[in-house]
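2 protein chains.
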Amino acid sequence: MSANRPIDITSRCVSTKARAGVLRTSHGDVTTPTFMPVGTQGTVKSLTPCDLREIGAGIVLGNTYHLYLRPGISTVGRFGGLHGFMAWDGPILTDSGGYQVFSLAALRRIGEEGVSFCSHVDGSEHFLTPELAVDYQERLGSDIAMVLDVCHPHDLGLAGTREAMERTHRWAERCLNSHRRQEQLLFAIVQGGTSVELRLESARFLTSLPFPGYAIGGLSVGEPKATTWAVLERTIDELPADRPRYFMGVGAPDDIVRSVAMGVDMFDSVLPTRVARHGAVFTPTGRVNLRNSIYRESDESLDATCDCYTCHTFPVAYLHHLFKCEELLAYRLATLHNLRFMVSHMHNIRQAIVEGRFAEFKEKFLSTYKPSDEQVRLEQKRKWFDAAGGRKAGVG
Amino acid sequence: MSANRPIDITSRCVSTKARAGVLRTSHGDVTTPTFMPVGTQGTVKSLTPCDLREIGAGIVLGNTYHLYLRPGISTVGRFGGLHGFMAWDGPILTDSGGYQVFSLAALRRIGEEGVSFCSHVDGSEHFLTPELAVDYQERLGSDIAMVLDVCHPHDLGLAGTREAMERTHRWAERCLNSHRRQEQLLFAIVQGGTSVELRLESARFLTSLPFPGYAIGGLSVGEPKATTWAVLERTIDELPADRPRYFMGVGAPDDIVRSVAMGVDMFDSVLPTRVARHGAVFTPTGRVNLRNSIYRESDESLDATCDCYTCHTFPVAYLHHLFKCEELLAYRLATLHNLRFMVSHMHNIRQAIVEGRFAEFKEKFLSTYKPSDEQVRLEQKRKWFDAAGGRKAGVG
Numbered sequence: 009m010s011a012n013r014p015i016d017i018t019s020r021c022v023s024t025k026a027r028a029g030v031l032r033t034s035h036g037d038v039t040t041p042t043f044m045p046v047g048t049q050g051t052v053k054s055l056t057p058c059d060l061r062e063i064g065a066g067i068v069l070g071n072t073y074h075l076y077l078r079p080g081i082s083t084v085g086r087f088g089g090l091h092g093f094m095a096w097d098g099p100i101l102t103d104s105g106g107y108q109v110f111s112l113a114a115l116r117r118i119g120e121e122g123v124s125f126c127s128h129v130d131g132s133e134h135f136l137t138p139e140l141a142v143d144y145q146e147r148l149g150s151d152i153a154m155v156l157d158v159c160h161p162h163d164l165g166l167a168g169t170r171e172a173m174e175r176t177h178r179w180a181e182r183c184l185n186s187h188r189r190q191e192q193l194l195f196a197i198v199q200g201g202t203s204v205e206l207r208l209e210s211a212r213f214l215t216s217l218p219f220p221g222y223a224i225g226g227l228s229v230g231e232p233k234a235t236t237w238a239v240l241e242r243t244i245d246e247l248p249a250d251r252p253r254y255f256m257g258v259g260a261p262d263d264i265v266r267s268v269a270m271g272v273d274m275f276d277s278v279l280p281t282r283v284a285r286h287g288a289v290f291t292p293t294g295r296v297n298l299r300n301s302i303y304r305e306s307d308e309s310l311d312a313t314c315d316c317y318t319c320h321t322f323p324v325a326y327l328h329h330l331f332k333c334e335e336l337l338a339y340r341l342a343t344l345h346n347l348r349f350m351v352s353h354m355h356n357i358r359q360a361i362v363e364g365r366f367a368e369f370k371e372k373f374l375s376t377y378k379p380s381d382e383q384v385r386l387e388q389k390r391k392w393f394d395a396a397g398g399r400k401a402g403v404g
Numbered sequence: 009m010s011a012n013r014p015i016d017i018t019s020r021c022v023s024t025k026a027r028a029g030v031l032r033t034s035h036g037d038v039t040t041p042t043f044m045p046v047g048t049q050g051t052v053k054s055l056t057p058c059d060l061r062e063i064g065a066g067i068v069l070g071n072t073y074h075l076y077l078r079p080g081i082s083t084v085g086r087f088g089g090l091h092g093f094m095a096w097d098g099p100i101l102t103d104s105g106g107y108q109v110f111s112l113a114a115l116r117r118i119g120e121e122g123v124s125f126c127s128h129v130d131g132s133e134h135f136l137t138p139e140l141a142v143d144y145q146e147r148l149g150s151d152i153a154m155v156l157d158v159c160h161p162h163d164l165g166l167a168g169t170r171e172a173m174e175r176t177h178r179w180a181e182r183c184l185n186s187h188r189r190q191e192q193l194l195f196a197i198v199q200g201g202t203s204v205e206l207r208l209e210s211a212r213f214l215t216s217l218p219f220p221g222y223a224i225g226g227l228s229v230g231e232p233k234a235t236t237w238a239v240l241e242r243t244i245d246e247l248p249a250d251r252p253r254y255f256m257g258v259g260a261p262d263d264i265v266r267s268v269a270m271g272v273d274m275f276d277s278v279l280p281t282r283v284a285r286h287g288a289v290f291t292p293t294g295r296v297n298l299r300n301s302i303y304r305e306s307d308e309s310l311d312a313t314c315d316c317y318t319c320h321t322f323p324v325a326y327l328h329h330l331f332k333c334e335e336l337l338a339y340r341l342a343t344l345h346n347l348r349f350m351v352s353h354m355h356n357i358r359q360a361i362v363e364g365r366f367a368e369f370k371e372k373f374l375s376t377y378k379p380s381d382e383q384v385r386l387e388q389k390r391k392w393f394d395a396a397g398g399r400k401a402g403v404g
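Protein sequence lines correspond, in order, to chains A and B.
Going by our numbering, the first residue of the first sequence is number 9, and it counts up by one from there.
Going by our numbering, the first residue of the second sequence is number 9, and it counts up by one from there.
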């Protein structure tokens with residue numbers, strides 16, 4: 009297998025497009041489909057690398073934007089990159105910083121050369137280009153790097169979306185041309201908003217370039233769910249079967265099952281870790297909130313089917329108590345559980361594919377798992393996006 | 009050894025009053041001198057019972073006041089007590105709630121029967137008596153319980169201090185009379201403020217009663233250090249040699265060495281865990297703050313002599329980064345280190361006693377360890393006490 013084809017597809021579902029495989033990286037193999045916990049600032053919030061190993065995490069994600077601002081790329085570089093700095097010797101994927109620049113930073117000005125922005129930490133001015141995004145990720149030493157893309161709200165309009173997409177394509181080429189580290193995989197990002205036509209155009213353009221993997225960006229960012237699935241399915245079909253496909257920013261257990269059925273191999277999202285810190289934990293029947301007073305005296309374990317430390321050690325009443333008292337341990341125990349849930353979930357999905365019963369698995373899971381109400385979800389996402397300044401993002 | 013004499017003194021220093029021993033409890037033996045990490049609300053902040061085991065913690069402290077308010081004594085009782093609730097199977101000492109009632113709660117009214125107060129959480133009204141304090145601790149199932157005492161500022165004046173002390177004595181008798189659980193040790197608390205005369209009177213009165221152990225309370229609460237040591241030494245000399253002696257609320261590594269030299273066996277304090285959450289960590293040469301910019305690029309470990317997970321896993325620059333970003337992991341890694349430092353410190357003290365070289369150990373430690381500036385310390389303690397309403401505490 010060449011570096012340009014880092015994935016071995018070992019099993020395929022006969023009735024859906026689901027596939028199981030092994031992704032090869034410089035820091036080890038990752039079985040797919042896989043979910044990547046997000047370690048924004050060089051730490052998966054509240055957990056040690058040791059905790060991550062224990063729950064079976066295969067690959068973690070680091071945010072270039074955050075690490076660039078704090079502690080700075082050269083500081084991380086002094087420690088041989090992110091692996092040495094955060095003491096994690098497994099695979100790491102870094103994003104390009106684009107999404108954060110477009111959603112967190114202030115005073116963005118986007119031109120052909122790159123994007124200028126002000127730090128959300130101290131207001132200082134910065135300039136990011138495709139070449140710098142690659143350079144930073146090479147110095148962070150991640151196993152998989154992402155191209156710098158133009159991110160925008162889903163309702164930008166067709167002309168604006170096309171303009172952003174075409175710039176994303178030119179930036180992807182510049183990233184590819186400046187990329188030097190052979191042991192690092194550089195993935196392209198398909199854009200095109202909610203237009204199937206643009207998505208197909210983007211996929212065709214990017215797959216004409218020698219990228220070892222492809223991500224779908226700018227989808228599941230607040231548009232109706234039906235649109236998400238329609239666009240995803242058509243886009244995935246346009247991607248080469250022998251390259252990994254990564255659906256960015258998706259982490260709801262039910263969304264993952266649906267996406268896998270369309271042929272997605274990789275996922276990342278802050279969802280499992282962020283909601284954990286608010287007391288929301290995943291169970292086979294859906295999300296429940298540990299702050300709910302029904303748990304005040306419960307001597308049951310959070311999830312009887314789960315083998316994580318939290319579930320096999322503490323009664324739910326104790327977890328409820330920790331959240332009511334806002335104890336630091338609450339955040340860690342809930343995070344441990346949610347990530348172990350995700351690892352087990354991906355394992356179950358994979359086993360079902362390998363054993364030729366993924367279609368039944370999918371049907372059963374989706375009929376048992378109660379999704380968070382879509383309206384609530386969309387509203388939350390929009391609020392967050394608005395608060396983060398995402399609405400202000402445009403193409404200049 | 010009877011339940012009334014739970015400690016075996018196995019070694020004595022020939023040139024100081026330091027002693028090493030083994031304290032027997034229902035949940036196992038504890039080597040002394042020992043330091044007890046504080047788990048206020050049923051958790052040593054940010055750590056699991058598993059972490060506590062790994063760093064070698066021997067016995068932890070729980071706060072009856074906090075547990076009574078949240079989740080409530082009967083809820084904890086449903087899980088077989090605090091051991092089952094927090095999943096810690098080692099020894100536990102609970103305080104009586106007195107100190108928190110006098111320092112945290114609002115609208116205290118103290119009478120002969122007990123003390124009424126309003127919860128610092130929701131303002132609800134409560135009434136605590138010596139009998140209730142014992143009952144609560146019996147239901148929490150701690151291995152060592154404390155009598156309810158009257159706590160007051162160190163500068164209350166002689167008449168007020170005497171009045172508080174005499175009530176503490178009557179309450180101690182009531183606690184002893186209402187105590188039922190034979191496997192639980194009930195310790196008395198010597199009071200008497202900064203008056204050596206009152207302290208001796210208190211020690212004599214309480215040691216005339218059949219308590220299995222004695223604590224020194226209301227000392228090291230803001231009075232000058234010279235006074236602390238003078239009062240401590242005279243008080244300890246008045247306590248029986250065959251019972252454990254517990255100096256409440258003391259946790260500075262240098263204060264512990266001085267106290268051990270006077271014959272103290274047990275300590276507790278939030279100091280190591282509280283300062284850790286502010287980035288202050290113990291080293292053999294004194295406390296340093298990880299937020300200091302001198303650590304921004306440091307590739308050294310926090311303490312080369314320490315064997316804790318934090319020290320043998322991460323460069324100091326990473327810890328500095330976590331504190332600057334206020335990452336949850338920062339609090340845990342610093343807490344792990346400080347508590348491991350305390351466990352090792354107590355081990356080193358004990359070994360020095362056992363091997364007949366404690367006097368040299370003491371001299372060497374105190375000449376190497378730079379104490380936090382006393383003025384800063386007193387001011388911080390006074391500010392905290394004032395903020396907590398401690399000044400308002402009086403005897404009514």
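In this text, a Cβ means the ideal position worked out from N, Cα and C, and glycines have one as well.
Bear in mind that the values here come from a model prediction, so they are computed numbers and not experimental data.
- In the DSSP assignment, A/S375 falls within the unbroken alpha helix (DSSP H) covering F366 to T376.
- For B/R340, the nearest CB of chain A lies under 9 Å from its own CB, placing it at the interface with that chain.
- Around B/G50, the beta-carbon contacts reaching into chain A at under 9 Å are Y326, H329, L330, C333 and E335.
- The continuous beta strand (DSSP E) containing A/L193 extends over residues L193 to V198.
- Only those residues of the segment 291-317 of chain B whose C-beta falls short of 8 Å from the nearest C-beta of chain A are listed: R304, E305, D307 and Y317.
- Taken atom to atom, the span from the alpha-carbon of A/R86 to that of A/G50 is near 14 Å.
- For the segment 81-111 of chain B, the residues whose beta carbon sits under 7 Å from a beta carbon of chain A are, in order, T83, R86, F87, F93, M94 and A95.
- If one requires a minimum length of 3 residues, the beta strand (DSSP E) runs lying completely within the segment 146-176 of chain B are 152-154, in chain order.
- Flagged as an interface residue toward chain B: A/L55, by a C-beta distance shorter than 9 Å.
- Inter-residue distance for A/D250 and A/D103 is about 22 Å (C-alpha atoms, whole angstroms).
- Within the segment 23-91 of chain B, complete alpha helix (DSSP H) segments of at least 4 residues are found at 57-63, 72-77 and 81-86, given in chain order.
- Taking 9 Å as the cut-off, the beta carbon of B/V265 is found no closer than this to the beta carbon of B/I63.
- Each residue's CA atom was taken as its position, placing A/R178 and A/F255 some 21 Å apart.
- Considering only A/M154, A/F125, A/S375 and A/H355, the residue with the shortest C-alpha distance to A/G66 is A/H355.
- Membership of B/E241 in the alpha helix (DSSP H) is indicated by the continuous run K233 to D245.
- Check the Cα spacing between B/L55 and each of B/D307, B/A95 and B/D315: the tightest is with B/A95.
- Shown here, B/L136 sits in a strand according to DSSP, grouped into three states.
- For B/D273, the closest alpha carbon among the candidates B/D59, B/R253 and B/L337 is that of B/R253.
- Between A/K233 and A/T39, the alpha-carbon positions lie close to 27 Å from each other.
- Per DSSP, the continuous alpha helix (DSSP H) segment holding A/Y326 begins and ends at V324 to K332.
- A direct Cα-to-Cα measurement between B/A28 and B/M270 gives close to 12 Å.
- A/P280 has a beta carbon lying at 9 Å or more from every beta carbon in chain B.
- Secondary structure at A/N300: coil, using DSSP grouped into helix, strand and coil.
- Listed along chain A, the residues sitting closer than 9 Å to B/T321 by beta-carbon distance are T56, P57, C58 and A95.
- Shown here for B/R20: same chain residues with a beta carbon closer than 7 Å to its own, the five before and five after excluded, namely R27 in chain order.
- Runs of alpha helix (DSSP H) with 4 or more residues, each lying fully within the segment 257-298 of chain A, are found at 261-269 and 279-284, listed in chain order.
- Closest in C-alpha terms to B/G47, from the list B/L214, B/R282 and B/D311, comes B/R282.
- In this structure, B/G257 is the residue among B/Y222, B/P220 and B/G257 with its C-alpha nearest to the C-alpha of B/S228.
- Your pair B/N297 and B/A288 checks out as a contact, with CB atoms roughly 5 Å apart and the cut at 8 Å.
- Taking a Cβ-Cβ cut-off of 9 Å, the neighbours of A/P79 in chain B comprise R304, E305, A325, Y326, H328, H329, K332 and C333, given in sequence order.
- Taking C-beta atoms under 8 Å as the contact rule, A/P45 and A/V68 qualify, at a distance of about 5 Å.
- Beta-carbon to beta-carbon, B/T33 and B/I152 are separated by about 7 Å, close enough to satisfy the 8 Å threshold.
- A Cβ-Cβ separation of about 13 Å leaves B/S203 out of contact with B/L240 under the 8 Å criterion.
- Across the set A/N185, A/H345 and A/R340, the C-alpha of A/H345 shows the shortest separation from the C-alpha of A/C319.
- For B/A114, there is no enclosing alpha helix (DSSP H); the residue is found in the beta strand (DSSP E) stretching over A114 to I118.
- Per DSSP, reduced to three states, the secondary structure at B/C316 is coil, with no helix or strand assignment.
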